[in-house]
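Asks: Would you mind keeping the following structure in view while I ask a few things?
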Ligand SMILES: Cc1cc2nc3c(=O)[nH]c(=O)nc-3n(C[C@H](O)[C@H](O)[C@H](O)COP(=O)(O)OP(=O)(O)OC[C@H]3O[C@@H](n4cnc5c(N)ncnc54)[C@H](O)[C@@H]3O)c2cc1C
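In this note's numbering, the protein residues as written are 1 to 469.
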């Protein structure tokens with residue numbers, strides 16, 4: 001049967017099953033889901049056009065189940081989409097098929113205050129959920145850079161890294177139960193709505209960071225926290241990144257509770273407001289009861305004094321924390337990304353060596369410089385850790401393979417220092433082949449076997465996450 005005939009037949013099946021209003025097939029409708037519309041997808045995949053054959057807009061689990069059964073019958077790819085904010089080409093329809101957009105699966109199904117959990121459909125944005133919970137005195141605490149657009153389903157599927165992880169962990173730590181439509185159309189409930197139990201395999205963790213390759217999350221029950229009585233942030237300048245880093249390590253290892261702590265080199269855009277001779281800064285913030293926060297802030301200010309930090313005005317620290325939610329994390333920020341960002345994990349003792357080699361050896365060889373908004377060095381520090389650097393890619397359009405070489409060298413450096421290529425943001429197609437640097441063939445083969453058990457016909461977001469043999 002020709003693709004055209006198959007498309008007609010598929011279209012009929014999808015419309016008969018879901019209804020015409022939930023199926024898109026016209027070029028104009030598919031355009032915004034095809035790769036040319038997304039600069040980050042283009043960066044991840046470089047050449048050629050990729051477009052889905054259909055987009056579907058389910059409203060509930062049964063719609064998802066029907067669509068998956070059709071995809072399974074025709075053995076065509078089905079790619080779940082949340083807010084579309086990933087930067088690794090996870091949504092590129094490499095071999096066409098169906099994009100299942102969860103935009104209309106955005107309901108809050110239950111808020112259970114005594115047991116501190118919320119059950120939601122996957123397409124609700126982190127911001128919408130956070131705002132709704134705030135009105136009930138609760139907090140999700142999954143404040144990621146993309147929080148205005150990223151969804152609960154997308155965040156779980158990319159192992160979303162939030163700013164407040166030091167005190168509250170990540171969404172991966174807070175999942176109590178998931179409902180997932182598997183590749184054969186069966187509906188899996190991973191377990192009771194309980195945060196911790198010693199029964200069964202922890203099935204829900206399989207879907208954390210799976211990037212839609214193992215099944216489609218249709219419902220998530222997540223632990224929430226009471227909203228804190230007080231919040232406060234502090235900021236201090238240091239001579240250089242090394243001294244700022246030493247200060248955050250002291251904070252981290254002191255035993256004091258903090259919500260988040262970062263050390264980074266001053267971005268160019270901030271130069272005018274930075275005290276002379278200071279090249280780096282730290283930011284830490286605190287949440288809890290009045291008494292707790294007061295004691296924690298006093299404790300950390302003492303560390304700042306002892307490590308030679310110069311405290312910034314309190315409102316600058318607060319503006320940074322508020323700005324993270326208000327300014328940086330919109331779709332505007334995506335359009336504005338002039339280059340690329342890397343977010344590896346690097347063992348802390350190797351961090352300075354990493355940055356020296358990154359900029360002085362690799363980036364200088366390829367003529368790549370820090371982006372104007374970005375930092376040269378940065379560490380998000382606490383319970384989890386993520387190094388970061390943002391840079392401009394002047395030659396990308398003319399010379400994409402140039403950047404590919406730089407990326408490979410960065411990945412080799414990261415793994416040679418005992419790190420992980422992507423502590424945050426996931427793999428998609430961008431980092432897929434670099435997993436060979438980080439995992440043994442036995443580990444990769446175990447991943448392939450899990451995938452084959454759950455998705456034997458490879459219809460769930462094929463070509464992403466795990467490298468071919
Ligand atoms: C400006 C900016 C800042 C960012 N900051 C951060 C940050 O601080 N921390 C961080 O972790 N990331 C960050 N990111 C990356 C990105 O926002 C996250 O990876 C985010 O969690 C993706 O969510 P999404 O809803 O947009 O998912 P999408 O991009 O739509 O999808 C991501 C992956 O999840 C899968 N998926 C989506 N929904 C489902 C579902 N229901 N079931 C199964 N699979 C599904 C998709 O198939 C895809 O593979 C940032 C991105 C931008 C543009």
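Every residue gets a Cβ at the ideal spot worked out from N, C-alpha and C, and that includes glycine.
1) To the nearest angstrom, how far is it from the Cα of residue 189 to the Cα of residue 64?
2) What do you reckon, is the C-beta of residue 54 under 7 angstroms from a heavy atom of ligand 1?
3) Using 10 angstroms around the beta-carbon of residue 166, count the other beta-carbons present and answer buried if the total reaches 16, otherwise exposed.
4) Using the rule of at least 16 other Cβ atoms within 10 Å of the residue's Cβ for burial, across every protein chain shown, is residue 151 buried or exposed?
5) Go to residue 234, then tell me how far its beta strand (DSSP E) extends in each direction, as first and last residue.
6) Between the C-alpha atoms of residue 210 and residue 90, what's the straight-line distance to the nearest angstrom?
7) I'd like to confirm the pairing. Which residues does DSSP put opposite residue 345 in its beta bridges?
8) Could you tell me how far apart the beta carbons of residue 251 and residue 321 are, in whole angstroms, since I believe they sit closer than 8 angstroms?
9) Looking at residue 221 and residue 193, is the spacing between their C-beta atoms short of 8 angstroms?
10) Can you check whether the CB of residue 358 is closer than 8 angstroms to the CB of residue 410?
11) Less than 8 angstroms between the beta carbons of residue 106 and residue 124, yes or no?
12) In whole angstroms, give me the CA-to-CA distance for residue 279 and residue 234.
13) What's the C-alpha gap between residue 72 and residue 185?
14) Around the Cβ of residue 207, are there at least 16 other Cβ atoms within 10 angstroms (buried) or fewer (exposed)?
15) When burial is assigned at 16 or more other CB atoms within 10 Å of the CB, is residue 385 buried or exposed?
16) Based on DSSP bridge pairs, tell me the residues matched to residue 110.
17) Give the range of the beta strand (DSSP E) segment to which residue 54 is assigned.
18) Would you be able to state if there are at least three C-beta pairs under 8 angstroms between the segment 280-295 and the segment 239-259?
19) Near residue 85, what residues of its chain come up, given a Cβ to Cβ distance below 6 angstroms and the 5 sequence neighbours on each side ignored?
20) Are the CB atoms of residue 402 and residue 366 within a distance shorter than 8 angstroms?
21) What number of angstroms, rounded off, separates the C-alpha of residue 69 from the C-alpha of residue 21?
22) To which residues of the same chain is residue 138 closer than 8 angstroms at the C-beta, ignoring the five residues directly before and after it?
23) Please say whether residue 391 and residue 370 have beta carbons closer to each other than 8 angstroms?
24) So the alpha helix (DSSP H) residue 354 belongs to, where does it begin and stop?
25) Closer than 7 angstroms to a non-hydrogen atom of ligand 1 - does that hold for the CB of residue 424?
26) Under the three-state reduction of DSSP, which class applies to residue 196: helix, strand or coil?
27) Kindly indicate which three-state DSSP category residue 322 falls into: helix, strand or coil?
28) Any idea what DSSP makes of residue 254, helix, strand or coil?
29) Taking residue 435 as the reference, which of 258, 195, 405 and 420 has the closest Cα?
30) Helix, strand or coil, according to DSSP, for residue 330 in the structure here?
31) Assign residue 443 to buried or exposed, taking buried as 16 or more other Cβ atoms, counted over all protein chains shown, within 10 Å of its Cβ.
32) When the distance is taken between beta carbons, is residue 262 closer than 8 angstroms to residue 378?
33) Taking only three categories from DSSP, how would you classify residue 336?
34) Alpha carbon to alpha carbon, what distance is there between residue 448 and residue 298?
35) Does DSSP put residue 245 in a helix, in a strand, or in coil?
36) Using 7 angstroms as the cut-off, classify the Cβ of residue 84 as near or not near the heavy atoms of ligand 1, replying yes or no.
Replies: Looking at the atomic coordinates:
1) As a first step, residue 189 is located in the chain shown; it is residue number 189 there, counting from the start. As a first step, residue 64 is located in the chain shown; it is residue number 64 there, counting from the start. The straight-line gap from Cα to Cα measures roughly 15 angstroms.
2) Locating residue 54 in the chain shown gives position 54, counting from the first residue. Not so, every heavy atom of ligand 1 lies at least 7 angstroms from the Cβ.
3) To locate residue 166, count along the chain shown from 1; it is residue 166. By the neighbour-count criterion, in which a residue is buried when 16 or more other Cβ atoms sit within 10 angstroms of its Cβ, residue 166 is buried.
4) Indexing the chain shown from 1 puts residue 151 at position 151. With 16 or more other Cβ atoms within 10 Å, it is buried.
5) As a working mapping, residue 234 is identified with position 234 in the chain shown. Taken as a continuous stretch (DSSP letters only), the beta strand (DSSP E) holding residue 234 covers 230-238.
6) As a first step, residue 210 is located in the chain shown; it is residue number 210 there, counting from the start. As a first step, residue 90 is located in the chain shown; it is residue number 90 there, counting from the start. Rounded to the nearest angstrom, the two C-alpha atoms are 11 angstroms apart.
7) On the chain shown, residue 345 is found 345 positions in, with the first residue counted as 1. Partner(s): 420.
8) Locating residue 251 in the chain shown gives position 251, counting from the first residue. Locating residue 321 in the chain shown gives position 321, counting from the first residue. About 16 angstroms separates the Cβ atoms of residue 251 and residue 321, ruling out a contact at the 8 angstroms cut-off.
9) As a working mapping, residue 193 is identified with position 193 in the chain shown. As a working mapping, residue 221 is identified with position 221 in the chain shown. Cβ atoms of residue 193 and residue 221: closer than 8 angstroms.
10) Reading the chain shown from its first residue, position 410 is the one you call residue 410. Reading the chain shown from its first residue, position 358 is the one you call residue 358. Yes, Cβ-Cβ distance for residue 410 and residue 358 is below 8 angstroms.
11) Indexing the chain shown from 1 puts residue 106 at position 106. Indexing the chain shown from 1 puts residue 124 at position 124. Cβ distance < 8 angstroms, so residue 106 and residue 124 count as in contact.
12) Here the question's residue 279 lines up with position 279 in the chain shown. Here the question's residue 234 lines up with position 234 in the chain shown. Their Cα atoms are separated by approximately 17 angstroms.
13) Residue numbering aside, residue 72 sits at position 72 when the chain shown is read from its first letter. Residue numbering aside, residue 185 sits at position 185 when the chain shown is read from its first letter. C-alpha separation (whole angstroms): 8 angstroms.
14) Numbered from its first residue, the chain shown carries residue 207 at position 207. Buried.
15) Taking the chain shown and counting its residues from 1, the one referred to as residue 385 is at position 385. So residue 385 ends up on the buried side.
16) Here residue 110 refers to the residue found at position 110 of the chain shown. According to DSSP, residue 110 bridges with 119.
17) By one-based count along the chain shown, residue 54 stands at place 54. Taken as a continuous stretch (DSSP letters only), the beta strand (DSSP E) holding residue 54 covers 54-56.
18) yes
19) Counted from its first residue, the chain shown places residue 85 at position 85. Same-chain partners within the cutoff: 146, 149 and 150.
20) As a working note, residue 366 is residue 366 in the chain shown. As a working note, residue 402 is residue 402 in the chain shown. Their beta carbons are under 8 angstroms apart, which means residue 366 touches residue 402 by this criterion.
21) The sequence position of residue 69 within the chain shown is 69, counting from 1. The sequence position of residue 21 within the chain shown is 21, counting from 1. Approximately 19 angstroms, taken between the alpha carbons.
22) One-based indexing of the chain shown puts residue 138 at position 138. Closer than 8 angstroms at Cβ, skipping near neighbours: 111, 113, 116, 118, 224, 225, 226 and 227.
23) For this step, residue 370 is matched to residue 370 along the chain shown. For this step, residue 391 is matched to residue 391 along the chain shown. Closer than 8 angstroms, so yes.
24) What you label residue 354 is simply residue 354 of the chain shown in a count that begins at 1. Element bounds for residue 354: 351-356.
25) Taking the chain shown and counting its residues from 1, one reaches residue 424 at position 424. Yes; taking the cut-off as 7 angstroms, the Cβ of residue 424 has a heavy atom of ligand 1 nearer than that.
26) As a position in the chain shown, residue 196 is number 196, starting the count at 1. Of the three classes helix, strand and coil, the one that applies to residue 196 here is coil, per DSSP.
27) One-based indexing of the chain shown puts residue 322 at position 322. Note: residue 322 maps to helix in three-state DSSP.
28) Counted from its first residue, the chain shown places residue 254 at position 254. Coil.
29) In the chain shown, counting from the first residue as 1, residue 435 sits at position 435. Nearest of 258, 195, 405 and 420 to residue 435, Cα basis: 420.
30) Within the chain shown, numbered from 1, the residue matching residue 330 stands at position 330. Reliability fails at residue 330, whose pLDDT of 49 lies under 50, so the model's placement of it is uncertain and no value is given.
31) Along the chain shown, read from residue 1 onward, the residue named residue 443 stands at position 443. By the neighbour-count criterion, in which 16 or more other beta carbons inside 10 Å mark a residue as buried, residue 443 falls on the exposed side.
32) As a position in the chain shown, residue 378 is number 378, starting the count at 1. As a position in the chain shown, residue 262 is number 262, starting the count at 1. Yes, the pair counts as a contact, with Cβ atoms nearer than the cut-off.
33) Sequence index remark: in the chain shown, residue 336 carries index 336 (1-based). Confidence in residue 336 is poor, its pLDDT being 49 and thus under 50, which makes the residue's placement unreliable; the coordinate value appears in the next sentence. Three-state result, residue 336: coil.
34) Taking the first residue of the chain shown as 1, we reach residue 298 at position 298. Taking the first residue of the chain shown as 1, we reach residue 448 at position 448. Taking the straight line joining both Cα atoms gives about 50 angstroms.
35) In the chain shown, counting from the first residue as 1, residue 245 sits at position 245. Here residue 245 sits in helix by DSSP.
36) For the purposes of this step, residue 84 is taken as residue 84 along the chain shown, with counting starting at 1. Yes.
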